[in-house]
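Worksheet: the structure to be examined is printed underneath.
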Amino acid sequence: MLGLAGVIFFAAKIFKLQVEHNWIPIYLIGIAVLFYNTGFFLLHRLVRDHIEKRASARGLRIEANLQIGLDLLALVFLIHYSGGIENPFIFFFIFHMIMGSILLFGWDIWLQAIGSIFILMLLLGLSYFGIIPHHHIKGFAHPGLWTNIPYIWAGVVSFSATIFMAVYMTNSIAQGLRKRERELFETKTQLEKKSEELEKLNKELIRQQQLLIQSEKLASLGKLSAGVAHELNSPLTGILSFSHFIREACENNPQAQRDVEVVIHETERCKKIIKGLLDFARQSQPEKNKEDLLAVLSRTLSLIENHKDFKNIKIIRDFPESLPMIMFDRDQIQQVFMNLLVNSQEAMPEGGSIYISAKMSPDGNYIQIQFTDTGAGISEEHLNKIFDPFFTTKEKGTGLGLSIVLGIIENHDGKLEVKSSIGEGSTFIIKLLTNHSEE
Ligand SMILES: Nc1ncnc2c1ncn2[C@@H]1O[C@H](COP(=O)(O)OP(=O)(O)OP(=O)(O)O)[C@@H](O)[C@H]1O
Ligand SMILES: [Mg+2]
């Protein structure tokens, strides 16, 4: 609007140009433009941003089309009141076309372009045939230009060509930019995803590190307890045998016999704990040989199957005919199987089933042995603790079973996984490398 005021000022005061009637219609158009643009501004800022929070895409499209359309119409009227075809500002249409090509999608801007060419031709036609008056600018262009047919046609053709070319070029540049923007957005999303993955990996790394610290702690705890356990073993054996002697000697004193019975029972419990500690400490030196895992598994199962505690438990075997021989310590791995089976049995005092499968991993890198029971399951909260030494939920447990299992599997460079849900049962999965080297 300032530009328009400037142009009018220069035209009227400096170059002494005169429109045929007066400048009033031009001022009025200027004011109208100011008005509806303020209206759009307020609509956008106050209504859209504050009340609707987010404008809909359709609403924005209508708004942009309306605003550009009204601007084009205003420009047509301005041109009409300031000389029509004589006015070189007729090419100002190009600004709206460029703006529209950037802001609008699809066919909208082409329709705006065709519309403005049509309305301009209408204007020139109507004034040529005298249906509307022509507003000549005195002292500027040749007075007869607006009735000069070749000039009018040349004007219309060059105008249309300029408009179409501007739309076409801007549109293709804008489309290219939009495409790149979209790609950039996709790259950004991918980058965010990657960084999330990285974060996950980092967490896993921290977890592994904690496990490592834990296993180092276990190793030193193992060494310490091995010493203590060894020292305690002989006195306990002594206590036990002398208690037996006392029990025999007190045949006539039932009260004393019952008391000694308690001593024997508690001493046996101590010996069991010590045996556990020694097993736990011994785990650090496996003696590995090339062995058949299935044979060890079958032997372990034959040991337990006839035991009274396993009477109500159904063992389901899912083994292949054979598996390749791999390096491991037979006794230790047997102990692992035994501990897991006993734990499963203890989780199903009323009976249930244990599903045992052994298979090669798809890539042939490891053998996977799975134990799934239908027992009580392990709570989320306990799941982190079951491998801690001395963690137990059983009245008579030592809580060393699974720490021994974990230690043995780690010494074989294997993996131990557990999944469990309360009331449904637990699954322990052991993965042992097939190409384990002899150490
Ligand atoms: N299959 C299972 N089902 C349900 N809970 C289990 C199972 N295996 C282990 N647990 C839980 O993990 C705890 C620790 O097991 P772990 O074998 O280390 O010790 P324990 O069985 O309690 O004692 P120990 O093995 O020395 O007799 C158990 O007390 C039990 O709560
Ligand atoms: Mg156990």
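170 is the number that our numbering gives to position 165 of the sequence shown; each next residue is one higher, with no gaps. Note that the Cβ used here is the ideal one computed from N, Cα and C, for glycine as well. Bear in mind that the values here come from a model prediction, so they are computed numbers and not experimental data.
One alpha carbon belongs to I321, the other to S358, and they sit about 7 Å apart. Only exposed fits A300, as fewer than 16 other CB atoms lie within 10 angstroms of its CB. In the DSSP assignment, V81 falls within the alpha helix (DSSP H) that extends over 62-86.
A159 places its beta carbon 8 Å or farther from that of I99. Within the same chain, Cβ atoms closer than 8 Å to the Cβ of L48 are found at E68, the five residues on either side in sequence being excluded. T439 carries a coil assignment under DSSP once its states are collapsed to helix, strand and coil. M343 is positioned such that its CB atom lies no closer than 8 Å to that of E296. For Y86, the closest of W28, N416, R274 by C-alpha to C-alpha distance is W28. Cβ-Cβ separation between Q350 and D314: approximately 6 Å, consistent with a contact (criterion under 8 Å). In the structure shown, G135 adopts coil according to DSSP, grouped into three states.
Neighbourhood of ligand 1, defined by CB distance below 5 Å to any of its heavy atoms: N348, S349, A352, G380, I383, I391, T397, T398, K399, G402, T403, G404, L405, G406, L407, S431, in chain order.
Boundaries of the alpha helix (DSSP H) around N344: 335-352. Secondary structure of A381 (DSSP, three-state): coil. Per DSSP, R50 is not a residue of any beta strand (DSSP E), being assigned neither H nor E. For E310, the CB contacts under 8 Å within the same chain, skipping 5 residues up- and downstream, are I320 in chain order. Under the DSSP assignment, A10 falls in the alpha helix (DSSP H) whose first and last residues are 7-14. Judged by DSSP in its simplified three-state form, I427 adopts coil rather than helix or strand.
A residue is called buried when at least 16 other Cβ atoms come within 10 angstroms of its Cβ; H235 does not meet this threshold and is exposed.
In the DSSP secondary-structure assignment, L129 is not bridged to any residue.
For the set H387, V423, L298, G404, the Cα lying nearest the Cα of L437 is the one of L298.
From the listed residues F285, Q339, I278, L328, the smallest Cα separation to S307 is found for Q339.
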